[in-house]
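Asks: Quick one: structure below, then a few questions.
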Amino acid sequence: MYRHLERRLAQRMSDFVRRTYALDLPKIVIEQPPRIEFGEYAMPLAFELAKKLRKAPRKIAEEIISGIGPLEGFEKFELAGAGYINARVKREELASALAADVRPRAAIPGGKILVEHSSINPNKAAHVGHLRNAILGDTFVRLLRFAGREVDVQNYIDNTGVQVADVVVGFLNLQQKSRAEIEQLARQERFDYYCWDLYAQVSKWYEQDKEKLQVRQRALRAIEEGNNETAAVADLISIAVLRRHLETMDRLDIEYDFLPRESEILHLHFWDAAFEKLKQGGVLTYETEGKNKGCWVMRRAGTAKPATTEHAEDTEGEQLSEEDQKVIVRSNGTVGYVGKDIAYHLWKFGLLGRDFGYRKFYRYPKGNDCWISTSVGALDHPHFGGVAEIYNVIDARQAEAQNTVIEALRGLGFNQQADHYTHFSYEMVALTPRCAAELGYELSDEDKSRPYIEVSGRKGFGVKADDLIDALLTSARKEVDARHPQLAEGKRADIASRIAVGALRYFMLKFTKSSVIAFDFKEALSFEGETGPYAQYAVVRATNIFRKGGFNPDEFGKRPSDLISSADLAKSLAGEAGNDIWELWLAAAKTSYVIDQCIATTEPAYLAKHAFQLAQLFNTFYHRYPILTEADESRKKFLLETVAVVRRELTRVLAVMGINVPSVM
RNA sequence: GGGCGCGUAGCUCAAACGGAUAGAGCAUCGGAUUUCUAAUCCGACGGUUGCAGGUUCAAUUCCUGCCGCGCCUACCA
Numbered sequence: 157m158y159r160h161l162e163r164r165l166a167q168r169m170s171d172f173v174r175r176t177y178a179l180d181l182p183k184i185v186i187e188q189p190p191r192i193e194f195g196e197y198a199m200p201l202a203f204e205l206a207k208k209l210r211k212a213p214r215k216i217a218e219e220i221i222s223g224i225g226p227l228e229g230f231e232k233f234e235l236a237g238a239g240y241i242n243a244r245v246k247r248e249e250l251a252s253a254l255a256a257d258v259r260p261r262a263a264i265p266g267g268k269i270l271v272e273h274s275s276i277n278p279n280k281a282a283h284v285g286h287l288r289n290a291i292l293g294d295t296f297v298r299l300l301r302f303a304g305r306e307v308d309v310q311n312y313i314d315n316t317g318v319q320v321a322d323v324v325v326g327f328l329n330l331q332q333k334s335r336a337e338i339e340q341l342a343r344q345e346r347f348d349y350y351c352w353d354l355y356a357q358v359s360k361w362y363e364q365d366k367e368k369l370q371v372r373q374r375a376l377r378a379i380e381e382g383n384n385e386t387a388a389v390a391d392l393i394s395i396a397v398l399r400r401h402l403e404t405m406d407r408l409d410i411e412y413d414f415l416p417r418e419s420e421i422l423h424l425h426f427w428d429a430a431f432e433k434l435k436q437g438g439v440l441t442y443e444t445e446g447k448n449k450g451c452w453v454m455r456r457a458g459t460a461k462p463a464t465t466e467h468a469e470d471t472e473g474e475q476l477s478e479e480d481q482k483v484i485v486r487s488n489g490t491v492g493y494v495g496k497d498i499a500y501h502l503w504k505f506g507l508l509g510r511d512f513g514y515r516k517f518y519r520y521p522k523g524n525d526c527w528i529s530t531s532v533g534a535l536d537h538p539h540f541g542g543v544a545e546i547y548n549v550i551d552a553r554q555a556e557a558q559n560t561v562i563e564a565l566r567g568l569g570f571n572q573q574a575d576h577y578t579h580f581s582y583e584m585v586a587l588t589p590r591c592a593a594e595l596g597y598e599l600s601d602e603d604k605s606r607p608y609i610e611v612s613g614r615k616g617f618g619v620k621a622d623d624l625i626d627a628l629l630t631s632a633r634k635e636v637d638a639r640h641p642q643l644a645e646g647k648r649a650d651i652a653s654r655i656a657v658g659a660l661r662y663f664m665l666k667f668t669k670s671s672v673i674a675f676d677f678k679e680a681l682s683f684e685g686e687t688g689p690y691a692q693y694a695v696v697r698a699t700n701i702f703r704k705g706g707f708n709p710d711e712f713g714k715r716p717s718d719l720i721s722s723a724d725l726a727k728s729l730a731g732e733a734g735n736d737i738w739e740l741w742l743a744a745a746k747t748s749y750v751i752d753q754c755i756a757t758t759e760p761a762y763l764a765k766h767a768f769q770l771a772q773l774f775n776t777f778y779h780r781y782p783i784l785t786e787a788d789e790s791r792k793k794f795l796l797e798t799v800a801v802v803r804r805e806l807t808r809v810l811a812v813m814g815i816n817v818p819s820v821m
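Every number in the working numbering is 156 more than the matching position in the first sequence, counting from 1.
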């Protein structure tokens with residue numbers, strides 16, 4: 157509704173300006189006034205017109221206001237400041253629509269969307285950086301689904317890379333374990349923790365003697381080839397660790413539909429198919445001399461084509477300096493990571509002409525199945541891939557690799573697909589020096605002076621995801637036990653879990669993507685101030701009002717006879733006296749608008765801000781207006797309706813963030 | 001060297017396309033509800049938005065140059 161009013165306003169302004177001044181404004185800028193007293197929408201267009209019309213902005217604004225005429229849903233327009241036009245909506249109309257939960261269907265047809273996120277190397281425990289990725293990705297999936305889009309969630313598993321090879325070397329060479337012993341170890345509850353430590357040990361082991369790196373090379377080669385003891389061990393390890401990752405993410409209500417694995421990209425010859433296309437399309441060139449002699453290379457993304465070669469393009473022998481070359485196929489004939497990623501992305505868009513085998517891998521408590529790729533799989537499986545649009549939630553460090561994949565698509569002529577390929581880029585999670593010290597790491601003086609220190613799986617340096625979740629659970633549980641000792645054990649556990657998840661998910665979403673999170677336990681473990689529990693608590697309070705008053709909060713105001721008349725709403729929300737409560741209604745009305753913004757800008761942080769703002773306004777309202785003791789019945793009904801609407805919207809917003817509200821706190 | 005990004009209150013972060021008095025949380029200090037539970041609320045303190053220019057009616061936002069920091073820049077993934 158809020159969005160529709162804005163569009164209607166923009167349309168009318170644009171028409172008016174064209175008719176009156178014979179000017180086409182490319183875009184009517186509509187912003188939100190700094191204070192509620194100024195109305196609901198503000199337009200600075202008179203400033204822009206002033207220059208073109210050679211008239212004072214205030215003069216123009218006056219002309220527009222007097223000439224614009226009545227507009228459905230709007231009360232009036234006002235001149236403010238140096239020439240702003242402020243628009244006031246009919247509060248009762250917007251409020252009525254919100255109270256009745258009128259949601260115009262967001263008719264976004266579009267095809268299926270594929271969101272890839274998490275993609276954790278299956279060789280060690282997940283850490284805080286992976287949590288940021290998964291929470292951003294999962295929230296984006298929820299945003300898209302809220303907007304009515306069909307979404308597939310994929311988690312790419314690099315089970316044949318160096319990282320897995322290193323842990324294999326750790327077990328087989330460093331620890332001299334048998335396959336049976338490894339199988340035994342893999343059954344322990346937190347096998348991924350065991351691998352975390354082992355991975356760090358292997359890295360140190362390599363440093364003792366460079367010859368040992370050959371052990372890694374042999375392991376890597378064996379794993380890529382498959383059908384041997386080393387590959388079997390690698391598979392055993394990566395499957396066990398992967399299962400742990402799914403369990404960890406499941407604790408946060410994060411589910412995946414499909415887990416494509418690199419082993420299948422290799423064994424099902426996805427790369428061969430892609431390689432043919434890339435050669436034929438002239439995207440790859442074979443180097444016959446220089447540093448990259450014997451390699452197939454393509455232009456590094458982001459390097460400009462020299463203007464002089466523009467005309468010579470179809471002669472194919474475009475000269476790339478070594479600096480600008482990205483090696484896709486090594487001189488020994490093996491393909492690197494980017495090549496495999498190109499093949500995978502051709503598959504995503506249904507352009508490869510090959511498909512994975514599929515089998516069920518993991519069943520979620522809610523009953524959904526997570527599928528995994530196999531060489532030969534079940535005949536009956538859901539259709540994955542062949543989507544219209546993709547979002548890859550991958551940290552900013554991989555921007556260049558992502559752009560190379562996009563350039564490869566363009567090189568093959570798939571411009572439309574390239575246009576619908578979004579690298580959902582975000583900054584890493586690092587540790588503050590203080591946090592690193594708390595964890596017991598020894599820091600150099602140089603590190604101590606840094607604002608933050610990068611997490612390193614290779615060094616075993618970081619905060620493990622499950623450790624953080626455990627800490628949050630313990631802390632939340634302590635609070636719940638103190639506040640609600642009478643509640644049953646299971647109930648208290650459930651409340652603590654929702655609070656812990658709420659705190660973590662909110663924490664990861666409150667920062668904008670471009671901000672490096674300098675992780676600090678004190679902040680992450682906080683349940684006060686701008687946190688998830690703060691917003692959850694607002695909903696709990698709202699629920700309590702209904703509970704104490706003997707009403708059902710979900711049913712309140714739903715029966716037609718319950719609905720507050722437009723006249724009563726107008727009376728309660730009007731003027732200066734109605735401003736502060738209206739501000740709360742207006743904020744609640746903006747929810748779907750904010751969700752659109754989040755999707756358009758791939759920025760879930762706006763949603764977190766919105767949730768917090770809504771909770772904050774509600775808490776102020778809660779404190780200022782006693783509701784159950786309100787003597788005037790009609791006033792009381794209005795206040796209860798306010799609570800019901802805000803409670804419903806805030807619950808929705810939190811659900812999109814993957815945050816569930818406990819019944820009591 | 002080249003590419004990308006960041007620099008805002010003591011700390012951690014906001015500020016949609018350039019817009020009205022740059023806002024929150026934390027920390028510190030001072031207060032509040034015998035009432036719908038204080039995981040709350042109110043107030044105070046706190047700013048030359050890294051520096052210098054430029055464009056504009058208007059710059060935290062756009063442009064240029066500097067300073068500082070981070071990431072990327074492997075025949076690793």
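Note that beta-carbon positions come from the ideal geometry of N, C-alpha and C, so glycine has one too.
Flag this pair as touching only if the stretch 553–566 and the stretch 525–538 have three or more C-beta atom pairs under 8 Å; answer yes or no.
Replies: no
Asks: Confirm, please, whether the CB-CB distance from K504 to G541 is below 9 Å.
Replies: yes
Asks: Check each candidate in V585, A592 and E545 and name the one with the smallest Cα separation from N571.
Replies: E545
Asks: Rounded to whole angstroms, what's the CA-CA distance from R159 to A726? Just pull it up for me.
Replies: 21 Å
Asks: Would you mind reading off the limits of the alpha helix (DSSP H) that contains L477?
Replies: First, the amino acid is wrong: residue 477 is Ser here, not Leu. Per DSSP, S477 belongs to no alpha helix (DSSP H) and is neither H nor E.
Asks: In the structure shown, what three-state DSSP assignment does S612 receive?
Replies: Three-state result, S612: strand.
Asks: So the candidates are Q167, L165, E684 and T560; which of them puts its Cα closest to the Cα of L660?
Replies: E684
Asks: I think L763 touches V809, with their Cβ atoms under 8 Å apart; what is that distance to the nearest whole Å?
Replies: 6 Å
Asks: Just mark P716 as buried or exposed, buried being the case when its beta carbon has 16 or more other beta carbons within 10 Å.
Replies: exposed
Asks: Counting only runs of 3+ residues fully inside the stretch 561–632, write out the beta strand (DSSP E) ranges in chain order.
Replies: 577–582 and 585–587, all fully within the stretch 561–632.
Asks: DSSP on F702, reduced to helix/strand/coil?
Replies: helix
Asks: Considering only the alpha carbon of each residue, which of I338, I484 and V820 lies closest to Q642?
Replies: V820
Asks: For I498, which option in Q340, E432, D480 and D525 has the closest C-alpha, if you only look at C-alpha atoms?
Replies: E432
Asks: From which residue to which residue does the beta strand (DSSP E) around R791 run?
Replies: Here R791 belongs to no beta strand (DSSP E); instead the alpha helix (DSSP H) covers E789 to V812.
Asks: So L835 and E196 are in contact, right, with Cβ under 8 Å, and what is the actual spacing, rounded?
Replies: Lying outside 157 to 821, the shown extent of the chain, residue 835 is not represented and no answer is given.
Asks: Whole-angstrom Cβ separation of V817 and R654, contact assumed at under 8 Å?
Replies: 7 Å
Asks: With C-beta atoms as the reference, is T404 less than 9 Å away from A555?
Replies: no
Asks: Determine the direct distance from the alpha carbon of A202 to that of A217, and round the result to whole angstroms.
Replies: Each residue's Cα considered, the two are about 5 Å apart.
Asks: Report the three-state DSSP secondary structure of C754 (helix, strand or coil).
Replies: helix
Asks: Quick check on DSSP: helix, strand or coil for N277?
Replies: coil
Asks: Taking the beta carbon of D601 as the centre, do at least 16 other beta carbons fall within 10 Å, making it buried, or is it exposed?
Replies: Exposed, since its Cβ has fewer than 16 Cβ neighbours within 10 Å.
Asks: Report, in whole angstroms, the separation of the C-beta atoms of R214 and L235, which I expect to be a contact under 8 Å.
Replies: Confirmed, Cβ separation roughly 6 Å.
Asks: Grouping DSSP H, G and I as helix and E and B as strand, with all else coil, what is M821?
Replies: Looking at M821 - three-state DSSP - the assignment turns out to be coil, as it is neither helix nor strand.
Asks: Roughly how many whole angstroms lie between the Cα atoms of R164 and E228?
Replies: R164 and E228 have their C-alpha atoms spaced approximately 9 Å apart.
Asks: Evaluate contact between the stretch 422–439 and the stretch 480–500, counting only Cβ atoms and requiring at least three cross-stretch pairs below 8 Å.
Replies: yes
Asks: Out of K620, A430, M169 and Q573, which has the shortest C-alpha to C-alpha gap to C591?
Replies: K620
Asks: Name the DSSP bridge partner or partners of W452?
Replies: For W452, which the question treats as bridged, DSSP gives the partners Y442 and V485.
Asks: In chain order, which continuous runs of the beta strand (DSSP E) of length 3 or greater are located wholly inside the stretch 526–561?
Replies: 545–551
Asks: List the whole-angstrom C-beta distance separating P709 from A698, where the pair is believed to meet the contact cut-off of C-beta under 8 Å.
Replies: Rounded, the Cβ-Cβ distance is 7 Å, consistent with contact.
Asks: Report yes if the CB atom of A674 is closer than 9 Å to the CB atom of I815, and no otherwise.
Replies: no
Asks: Is the beta carbon of N289 sitting closer than 9 Å to the one on Y582?
Replies: Yes, the pair counts as a contact, with Cβ atoms nearer than the cut-off.
Asks: Output the distance between the C-alpha atoms of G596 and P589, rounded to the nearest integer angstrom.
Replies: Distance between the alpha carbons of G596 and P589: 11 Å.
Asks: Where does V309 fall in DSSP's three states?
Replies: Reduced to three states, the DSSP call for V309 is strand.
Asks: Hey, would you say L279 sits closer than 9 Å to V320, going by beta carbons?
Replies: The sequence given here has Asn at residue 279, not Leu. For N279 and V320, yes; Cβs fall inside 9 Å.
Asks: With distance defined between alpha-carbon atoms, name the residue in L330, V309, Q364 and I186 nearest to Y412.
Replies: V309
Asks: By Cβ distance below 6 Å, which residues in the same chain neighbour G706 in space, the five residues on each side in sequence not counted?
Replies: none
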